[in-house]
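A.B. asks: Take a look at this one; I'll ask things after.
2 protein chains.
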Amino acid sequence: MTLSGPERDAVAARIAALVAQPSVSADPAFAEGMEGARRLLEARLAELGFGGARRLDGGGHAALYSERLAAPGRPTLLVYGHYDVQPPDPLELWRSPPFEATVRDGRLYGRGASDDKGPTVVALEALARLIAEDGELPCNVKVLLEGEEETGSPSLPAILRDNAGLLACDAALSADGARWRADVASVNVAARGSGGLEFRVRTADKDLHSGRYGGAVGNALHAVSQIVAGLHDARGAVAVRGFMDGVAAPTEAERAEIAAIPFDAPAFYAAVGAPTPWGEPQWSAPERLWLRPTVEVNGLWGGYQGAGGKTVIPCEAHAKLTVRLVAGQRPAAVRAALIAHLHAACPPWARLEITDERGWSPAYALRPDHPLLLAAEDALAETAGVRPLRVRIGASLPLTGLIREALGVETVMFSFAVSDEDYHAPNEFFRLSSIDEGIAAWMALIRRVGAQSPADYRA
Amino acid sequence: MTLSGPERDAVAARIAALVAQPSVSADPAFAEGMEGARRLLEARLAELGFGGARRLDGGGHAALYSERLAAPGRPTLLVYGHYDVQPPDPLELWRSPPFEATVRDGRLYGRGASDDKGPTVVALEALARLIAEDGELPCNVKVLLEGEEETGSPSLPAILRDNAGLLACDAALSADGARWRADVASVNVAARGSGGLEFRVRTADKDLHSGRYGGAVGNALHAVSQIVAGLHDARGAVAVRGFMDGVAAPTEAERAEIAAIPFDAPAFYAAVGAPTPWGEPQWSAPERLWLRPTVEVNGLWGGYQGAGGKTVIPCEAHAKLTVRLVAGQRPAAVRAALIAHLHAACPPWARLEITDERGWSPAYALRPDHPLLLAAEDALAETAGVRPLRVRIGASLPLTGLIREALGVETVMFSFAVSDEDYHAPNEFFRLSSIDEGIAAWMALIRRVGAQSPADYRA
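Top to bottom, those sequences are chains A and B.
Take 1 as the starting number for the first sequence in full-length UniProt numbering and just add one per residue.
Take 1 as the starting number for the second sequence in full-length UniProt numbering and just add one per residue.
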């Protein structure tokens, strides 16, 4: 399948329209953009003849739901995407406005272009072409578009639990999850879990003059630095007691499977401008990314940030932390270990308080013989002309574990984003070539599911 | 001497007018406020019949100069103050606007009210009353009002050097330096030196997704935290190699002198809300403040600071540092030791760059038998009714060391600010009662100098 130029342009325009809605779920200031994104997607689903549209409210940003169930006796797929995006900061590093999609060199730049507005539109437009070409979808399709993926899906558990009947399906097919590389066909079979929190450290009631008090009163920035520096040991391993509980060392088979995947470490580091590699030296870079958990500080601040100097002892400092979890780690236990570590690491002359939390979700792995995985591999072999590699991702898709728990089904991650597309960073982009590749693969996969039986999913 | 209510109100109004000029020397955005403050002061000096007004340019913010030399055969004093102030951040903690002087409970609140606009106005209005009451000043007075005190006086050395003839005097009398306590008469006989710099740490060319890269690429916030945490050892001592070179341990005599000064440690810590004391345990809090050098981080930031979370590995972090120096430390050597330490502490997976510097100045101590110090003690004994204590300050007045070097004269710090007036912090204030006390003491001191001879200063 090849799209004509005007057809591709029309899909790109739909992505651009969605990017133009600044749907930052983390920041209440973007409520209008969230609503704008919801309305665009609802309108398109209605145009495509999807029915039963509902907003599923779990106490935060609603998820959108719609369905087209016109293939009796065929499997039912839950197609997942998300309409929310990461904050655009730091704004000054964007070469074009983050919420104004801009095409340069075959790439569409804008916040959310790759994560996950481009891939979500690809999925919906594949459904549109199937309806246009075949008159109807070959299997039953329920669409769930989440609005809180970028904040750790805090209300998705409630949404899934409260709507388990509505969302019942044979498997989930996710438009989020990212491809390994643009030039290597692959399917994701595992993802890390995630969680996070924010804390504040205080050392006094007010900022103090560094001459009048310096040497005799604690500094909140010294305290927060000690606490953050103690999260890792000198070799880059997480130094939080209890954090690694349950983490199995990679097996030789897993290591061999990963070693077989093409990975050019020097190119990987050169592409991001890192002076040297970082992390636990006993594991290769892909092993660190896919099989090892992490703690990252995503933001850290306190004191004076303006021009010039200010001779102040800041009384307050803030840090935002996120973790990535792997198989064997229980999110609740990791959360408790991290919070206990932070309190223990806080020196006696400071006070630490947890001020905010993200959702916590476990790592995910798909069983190797799952029928939707096999269909996805066949579909990619057909459209890409080569058998895909099985890869893992270091990122997290809370949906996968949550859907397994709530609905008892597995999820195949079939996003057509590529991992190098600077999502969560300035100048996020989506390759226009992924529109053709993605729509072709999604159409081929859904047709293959149409040839399967619900019984295949109950084996 | 007692001011009438209207007289006191008139002086307070002059302070308020000066506070209303936002003269933040650190930030070029405040250039207009700097000029506004200069014009107000120049206008007042002209009203008082001072002549020879000039702006002394050292390459930064100009210092104001004016003189009234009408006492042949009497000593010449260089009266010093500064018209620049610290940045007002964090703005949200001010209970009234920082550049709108507001009187509450006998205190005038506003940025610069205490440091150093209030005390500078007190000095000028003391001169005004002497002229009004006596028809002329009893000694020769040169006035030097600096515009870069709050950024470490970077161009003051050039200004003093280039205008050594113009500024020639027998001693300097500073309206900056702060009183020990409002209820204890005291004179400052020593001050710490200061210096500072800003650095940046980079770990990649761009912010990275914590799922895609987490575990295999360094995080600039982890790097900056390691570097900052390494500036002190576990007991609070500065851990920078070479930093303490030349610092003499306090003598038993010095310790006894300091121990004799009333200092209520529990009240000191309770007043600022510090959970526990901090600092080198072998020294008392006043010793840490006056006799020991410090390194403080005044600002630290990187990554995402907005609402909610962002799963990013920040590629860049920033820190602003200042130091306080004591007798025996050479600023250039301390600066070199600090920079070498920062580079050595930067892990190999990060790059550190010094991005900005403050002026560097040595500590200062006044000889115990200096005639202006003795006159100041006598003046305070007369107006306060009790012999003043000799105290030190932990803050810095770069002027003192620079004037000694450039003009060969000593400086008496005679500010009527009080150390608890939250200068450099939100809700800075100046006690209205200091207007009366300050004008009376300055008038008494200048009259005593008028009874001295220049020969007294050449002993």
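Note that the Cβ used here is the ideal one computed from N, Cα and C, for glycine as well.
1. Have a look at the DSSP bridge pairing and note the partners of tryptophan 278 (chain A).
2. Taking the beta strand (DSSP E) that alanine 172 (chain A) falls in, what are its first and last residues?
3. Please give me, in chain order, every unbroken run of the beta strand (DSSP E) with length at least 3 that falls completely inside the stretch 169-230 of chain B.
4. Which word fits threonine 203 (chain B), buried or exposed, when buried means at least 16 other C-beta atoms lie within 10 angstroms of its C-beta?
5. Which bits of chain B does tryptophan 301 (chain A) rub up against, with CB to CB less than 9 Å?
6. What does the alpha-carbon distance come out to for the pair glutamine 86 (chain A) and methionine 34 (chain A)?
7. Compute the Euclidean distance between the alpha carbons of aspartate 116 (chain A) and histidine 82 (chain A), then round it to the nearest angstrom.
8. Does the distance from the CB of glycine 110 (chain A) to the CB of proline 97 (chain A) come in under 9 Å?
9. CA-CA distance, threonine 400 (chain B) and glutamate 7 (chain B)?
10. Considering only the alpha carbon of each residue, which of A:Leu389, A:Pro293, A:Pro281, A:Ala256 lies closest to alanine 395 (chain A)?
11. By the 10 Å Cβ neighbour count, where 16 or more other Cβ atoms means buried, how is glutamate 316 (chain B) classified, buried or exposed?
12. So what does methionine 413 (chain B) bridge to, in DSSP terms?
13. Tell me which residues share the same chain as lysine 320 (chain A) and place their Cβ nearer than 6 Å to its Cβ, disregarding the 5 neighbours each side in the sequence.
14. Can you check the stretch 98-146 of chain A for any beta strand (DSSP E) of at least 3 residues that lies completely inside it and give the ranges in chain order?
15. Quick check on DSSP: helix, strand or coil for glutamate 257 (chain B)?
16. Pick out the complete beta strand (DSSP E) segments inside the stretch 304-377 of chain A, 3 residues or longer, and give them in chain order.
17. Excluding the 5 residues flanking threonine 311 (chain A) on each side, which residues of the same chain have their C-beta closer than 7 Å to its C-beta?
18. Beta-carbon of histidine 209 (chain B) versus every beta-carbon of chain A: anything under 9 Å?
19. Just to confirm before moving on: does the CB-CB distance between tyrosine 80 (chain B) and leucine 166 (chain B) stay below 9 Å?
20. If I'm right that glutamate 437 (chain B) touches threonine 383 (chain B) with Cβ under 8 Å, what's the distance once you round it to whole angstroms?
21. Looking only at its own chain, which residues have a Cβ that is under 7 Å from the Cβ of glutamate 42 (chain A), when we skip the five neighbours before and after it?
22. Between leucine 402 (chain A) and alanine 190 (chain A), which are expected to be in contact by the criterion C-beta below 8 Å, what is the C-beta distance as a whole number of angstroms?
23. Between which two residues does the alpha helix (DSSP H) holding serine 153 (chain A) run?
24. Counting only the same chain and skipping the five closest in sequence on each side, list residues whose C-beta sits under 8 Å from that of leucine 40 (chain B).
25. Here's the rule I'm using: 16 or more other beta-carbon atoms within 10 Å means buried, otherwise exposed. How should proline 262 (chain B) be labelled?
26. Do the stretch 172-183 of chain A and the stretch 344-358 of chain B meet, that is, are 3 or more Cβ pairs less than 8 Å apart?
27. Please classify glycine 394 (chain B): does DSSP put it in a helix, a strand, or coil?
28. So leucine 289 (chain A) contacts chain B; which residues on that side make the cut at Cβ distance below 8 Å?
29. Under 9 Å, Cβ to Cβ, is there at least one residue of chain A near leucine 93 (chain B)?
30. Touching or not, the stretch 264-276 of chain B and the stretch 339-354 of chain B, by the rule of three or more beta carbon pairs under 8 Å?
31. Which class does alanine 234 (chain A) belong to by DSSP, given the choice of helix, strand or coil?
32. Report yes or no: is there a C-beta of chain B within less than 9 Å of the C-beta of valine 272 (chain A)?
33. So, using beta-carbon positions, are glycine 246 (chain A) and glycine 328 (chain A) closer together than 9 Å?
34. DSSP has arginine 55 (chain B) in a bridge; who is on the other side?
35. I'd like the span of the alpha helix (DSSP H) that includes tyrosine 269 (chain A), first residue to last.
36. Indicate whether at least one CB of chain A lies closer than 9 Å to the CB of cysteine 169 (chain B).
C.D. replies: According to the structure shown:
1. Answer is none; tryptophan 278 (chain A) lacks a bridge partner.
2. 171-174
3. 171-174, 186-191, 193-202
4. By the neighbour-count criterion, in which 16 or more other beta carbons inside 10 Å mark a residue as buried, threonine 203 (chain B) falls on the buried side.
5. Gly299, Leu300, Trp301, Gly302, Gly303, Gln305
6. 12 Å
7. Approximately 6 Å, taken between the alpha carbons.
8. Glycine 110 (chain A) is a Cβ neighbour of proline 97 (chain A), given a cutoff of 9 Å.
9. 32 Å
10. A:Pro293
11. buried
12. In the DSSP output, where bridge partners are listed per residue, methionine 413 (chain B) has B:Ser174, B:Asn188.
13. Glu198, Asn298, Gly299
14. If only complete runs of 3 or more residues are kept, the stretch 98-146 of chain A shows the beta strand (DSSP E) at 102-104, 107-109, 140-146, in order along the chain.
15. helix
16. 316-325, 351-357
17. His209, Ser210, Gly211
18. yes
19. no
20. 7 Å
21. Ala53, Leu64
22. Not confirmed; about 16 Å, so no contact.
23. Looking at the DSSP string, serine 153 (chain A) is not in any alpha helix (DSSP H), and its letter there is neither H nor E.
24. Ala17, Leu18, Gln21
25. exposed
26. Short answer: they don't touch.
27. coil
28. Arg212, Tyr213, Gly214, Gly215, Ala216
29. yes
30. no
31. coil
32. Cβ-Cβ to chain B under 9 Å: yes for valine 272 (chain A).
33. In this structure, glycine 328 (chain A) lies closer than 9 Å to glycine 246 (chain A) by Cβ.
34. For arginine 55 (chain B), which the question treats as bridged, DSSP gives the partners B:Leu64.
35. 265-272
36. no
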